[in-house]
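Chemist: Below: one structure in C-alpha cells.
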Amino acid sequence: MGREYYLVLRFIVSIRTYRVIGRDYTKLVEENGFKVGQSLDLWLFRVQRSTSDVIGELQIALVIVDDEEANGRLQVDGA
266 MGREYYLVLR
276 FIVSIRTYRV
286 IGRDYTKLVE
296 ENGFKVGQSL
306 DLWLFRVQRS
316 TSDVIGELQI
326 ALVIVDDEEA
336 NGRLQVDGA
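Letter 11 of the sequence shown, counting from 1, is numbered 276 in our numbering, and no numbers are missing.
Listed below in C-alpha cells is the structure:
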C-alpha cells in the first residue's frame, strides 16, 4: 500500500475542472517531488480480492504526469 493523505477532490465551476485540495496537499507535493509543468491524474478502480467479492474494493491512485508528455492524450470532460 502507498502513502495515505487527507485530500478533497473539488469541482471548480468557474474553470470547469477538478482540483485536489486539503490539509495534506503540501505534504503530498513535498513527499512526491512535484515540479512545475506536472499534473496529477486520478485513477479509480476496483480490485476483486476473492471470487466471493462481487463488487471489489475501491482503490484510488494519483499518477504524476508531465504536461509535455500529456499533449495529444485523450481528454474526457465529464461536465
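Note that beta-carbon positions come from the ideal geometry of N, C-alpha and C, so glycine has one too. Keep in mind the model is a prediction, meaning the values are calculated, not measured.
From K292 to G298, what does the alpha carbon distance come to, in whole angstroms?
Modeler: The sequence position of residue 292 within the sequence shown is 27, counting from 1. The sequence position of residue 298 within the sequence shown is 33, counting from 1. If you take the alpha carbons of K292 and G298, they lie about 10 angstroms apart.
Chemist: Classify V285 as helix, strand or coil using the three-state DSSP reduction.
Modeler: Reading the sequence shown from its first residue, position 20 is the one you call residue 285. If DSSP states are grouped into helix, strand and coil, V285 belongs with the strands.
Chemist: Using three-state DSSP, classify L272 as helix, strand or coil.
Modeler: Position 7 of the sequence shown, counted from the first residue, corresponds to residue 272. It is coil, neither helix nor strand.
Chemist: Provide the residue span of the alpha helix (DSSP H) that contains V301, from first to last.
Modeler: The sequence position of residue 301 within the sequence shown is 36, counting from 1. Looking at the DSSP string, V301 is not in any alpha helix (DSSP H), and its letter there is neither H nor E.
Chemist: Nearest CA to the CA of R288: which residue from L274, I280, R314, V278?
Modeler: Position 23 of the sequence shown, counting from 1, holds the residue named residue 288. Checked all of L274, I280, R314, V278; the closest Cα to R288 is L274.
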